[in-house]
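Engineer:
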Amino acid sequence: MKKIGLFVLLLLLIVASIFVGVKDISLTQLFQWDSQQQLVLLTTRLPRTISLVIAGSTISISGLIMQHLTQNKFVSPSTAGTMDSARLGILVVMILFPSAPLLFRSFIAFLFAFGGTLIFIYLTRFLPAKNQVMIPLIGVMFGNIIGSVATFFAYQFQLVQNMSSWLQGNFSTVMKGNYELLYLTIPLLIITYLFAYRFTVVGMGEDMATNLGLNYQRIQLFGLGIVALSSAVVLIMVGNIPFLGVIVPNLVSMRYGDHMKNTLAITAVGGSIFLVACDVLARVVIAPYEVPVSVVVGVLGSVIFIALLMRRKTA
0 MKKIGLFVLL LLLIVASIFV GVKDISLTQL FQWDSQQQLV LLTTRLPRTI SLVIAGSTIS
60 ISGLIMQHLT QNKFVSPSTA GTMDSARLGI LVVMILFPSA PLLFRSFIAF LFAFGGTLIF
120 IYLTRFLPAK NQVMIPLIGV MFGNIIGSVA TFFAYQFQLV QNMSSWLQGN FSTVMKGNYE
180 LLYLTIPLLI ITYLFAYRFT VVGMGEDMAT NLGLNYQRIQ LFGLGIVALS SAVVLIMVGN
240 IPFLGVIVPN LVSMRYGDHM KNTLAITAVG GSIFLVACDV LARVVIAPYE VPVSVVVGVL
300 GSVIFIALLM RRKTA
């Protein structure tokens, strides 16, 4: 599909996301300034659609950055312990500072996500770089350990119900006034574009980056900081979305190559397309009820992920 076709498809899905739901929205009534229709549109549908677009692009770009930094196509925030570390950070805040504001929770989640990702990067140095499957497998195991610790303390302090909201990504509760923190990821995406060339060079290895005059460790830490902050914000706002950071960058790479500056916008649009489409499907599959979007993403994403694994193995 050509690049312009992706943007057109995203626009069509945005329109579908605005008009699909339990409450029907009529275009004619909107133009007649129907107050109830406008309330639904401005309070829930538009915020939900905007958050879907931002979250989809953010998670996909975070996965793209991590794949360059680790030189592994199957690494993403959900397979490197980043999301699990951020969830543990949120739990710590809820235990120690239950009345803490959202920004403080985000900051602590960022610190835990950054620290957990650093530990994962350290662990990967003891693994053979050519084994593309082993590194994300270690990441999943590492994330499960952190998740088990978080679950243990959640039971200890009777916070299991709160934990469940971070385990499954769900946009049904997104409303005007409680999603705007996601806008913080927009400048992070701009910064990523400005550093895209450096991330591409770092993805070629430490020796190559050093020979080209880049500080490998500094660029790697900077990239991990962007990923950790983006992951923490998305997790706090909408929960965990599996596989998205793995499959979208891989599909884009297969079609457009590995130069990050050339694929950044396409990866962002592709992530938004996939997440918006899954959310629309989640609303109609058992209408008038809906399933969490992470369930739909998990089912479709797992199939695509297995296909990618098989393709890499036979390549």
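Numbering (numbering that gives the first Met the number 0), first residue to last: 0 to 314.
Where is the CB? At the ideal position from N, CA and C, for every residue including glycine.
All values derive from a computational prediction rather than experimental measurement.
1) Locate the alpha helix (DSSP H) running through Asp-23, then write down its first and last residues.
2) When burial is assigned at 16 or more other CB atoms within 10 Å of the CB, is Asp-278 buried or exposed?
3) Do Leu-183 and Val-232 count as a contact pair if the criterion is CB distance below 8 angstroms?
4) Could you work out which residue in Tyr-154, Gly-222, Val-292 is closest to Leu-90 when comparing CA atoms only?
5) DSSP three-state call for Val-132: helix, strand or coil?
6) Could you check if Tyr-178 is buried or exposed, using at least 16 other CB atoms within 10 Å of its CB as the buried criterion?
7) For Ile-190, count the other beta carbons within 10 Å of its own beta carbon; 16 or more makes it buried, fewer makes it exposed. Which is it?
8) What are the start and end residues of the alpha helix (DSSP H) that includes Ala-276?
9) Distance, Cα to Cα, Gly-62 vs Phe-156?
10) I'd like the list of long-range same chain contacts for Met-82, defined as Cβ closer than 8 angstroms, with 5 residues on each side in sequence excluded.
11) Just to confirm, is the Cβ distance from Leu-250 to Gly-269 under 8 angstroms?
12) Using the three-state DSSP reduction, which class does Leu-211 fall into: helix, strand or coil?
13) Between which two residues does the alpha helix (DSSP H) holding Ser-56 run?
14) Kindly indicate which three-state DSSP category Lys-175 falls into: helix, strand or coil?
15) Could you please give the first and the last residue of the uninterrupted alpha helix (DSSP H) stretch that includes Phe-73?
16) Do the CB positions of Val-245 and Phe-73 come within less than 8 angstroms of each other?
17) Is the distance from the Cβ of Leu-243 to the Cβ of Ser-59 below 8 angstroms?
18) Could you check what DSSP says for Gln-155 in three-state terms: helix, strand or coil?
19) Whole angstroms are fine: how far does the CA of Phe-119 sit from the CA of Gly-138?
20) What residue range is occupied by the uninterrupted alpha helix (DSSP H) comprising Val-290?
21) Taking contact to mean at least 3 C-beta pairs separated by less than 8 angstroms, is the segment 216-231 in contact with the segment 94-102?
Structural biologist: With the given structure in hand:
1) Translated into positions along the sequence shown, residue 23 becomes position 24. Segment: none, Asp-23 is in no alpha helix (DSSP H) and carries neither H nor E.
2) Here residue 278 refers to the residue found at position 279 of the sequence shown. Classification of Asp-278: buried, given that the 10 Å Cβ count is 16 or more.
3) Position 233 of the sequence shown holds residue 232. Position 184 of the sequence shown holds residue 183. Cβ distance < 8 angstroms, so Val-232 and Leu-183 count as in contact.
4) Residue numbering aside, residue 90 sits at position 91 when the sequence shown is read from its first letter. With distances taken between CA atoms, Leu-90 lies nearest to Tyr-154 out of Tyr-154, Gly-222, Val-292.
5) Taking the sequence shown and counting its residues from 1, the one referred to as residue 132 is at position 133. In the structure shown, Val-132 sits in coil (DSSP, three-state: anything other than H, G, I, E or B).
6) One-based indexing of the sequence shown puts residue 178 at position 179. Answer is buried; the Cβ neighbour count reaches 16.
7) Counting from one through the sequence shown, the residue named residue 190 turns up at place 191. Classification for Ile-190: exposed.
8) By one-based count along the sequence shown, residue 276 stands at place 277. Taken as a continuous stretch (DSSP letters only), the alpha helix (DSSP H) holding Ala-276 covers 259-283.
9) Indexing the sequence shown from 1 puts residue 62 at position 63. Indexing the sequence shown from 1 puts residue 156 at position 157. Straight-line Cα distance between these residues: approximately 33 angstroms.
10) Taking the first residue of the sequence shown as position 1, residue 82 is located at position 83. Once the five neighbours on either side are set aside, the close Cβ partners of Met-82 are Pro-76, Ala-112, Gly-142, Ser-230, Leu-234, Asn-239.
11) Residue 250 sits at position 251 when you count from the first residue of the sequence shown. Residue 269 sits at position 270 when you count from the first residue of the sequence shown. In contact: Leu-250 and Gly-269 (Cβ atoms closer than 8 angstroms).
12) In the sequence shown, residue 211 corresponds to position 212, counting from 1. For Leu-211, the secondary structure class from DSSP, reduced to helix, strand or coil, is coil.
13) For this step, residue 56 is matched to residue 57 along the sequence shown. Where Ser-56 is concerned, the enclosing alpha helix (DSSP H) stretches over 45-69.
14) By 1-based counting over the sequence shown, the position of residue 175 is 176. DSSP places Lys-175 outside both helix and strand once states are collapsed to three, so it counts as coil.
15) Working through the sequence shown from its first residue, we reach residue 73 at position 74. It is not in any alpha helix (DSSP H) - Phe-73 carries neither H nor E in the DSSP assignment.
16) Taking the sequence shown and counting its residues from 1, the one referred to as residue 245 is at position 246. Taking the sequence shown and counting its residues from 1, the one referred to as residue 73 is at position 74. Contact flag set, yes.
17) The residue labelled residue 243 in the question sits at position 244 within the sequence shown. The residue labelled residue 59 in the question sits at position 60 within the sequence shown. For Leu-243 and Ser-59, yes; Cβs fall inside 8 angstroms.
18) Position 156 of the sequence shown, counting from 1, holds the residue named residue 155. Gln-155: helix per DSSP, three-state reduction.
19) Reading the sequence shown from its first residue, position 139 is the one you call residue 138. Reading the sequence shown from its first residue, position 120 is the one you call residue 119. One C-alpha to the other measures close to 7 angstroms.
20) Sequence index remark: in the sequence shown, residue 290 carries index 291 (1-based). Segment: none, Val-290 is in no alpha helix (DSSP H) and carries neither H nor E.
21) In short, these stretches do not touch, since the Cβ pair count stays below three.
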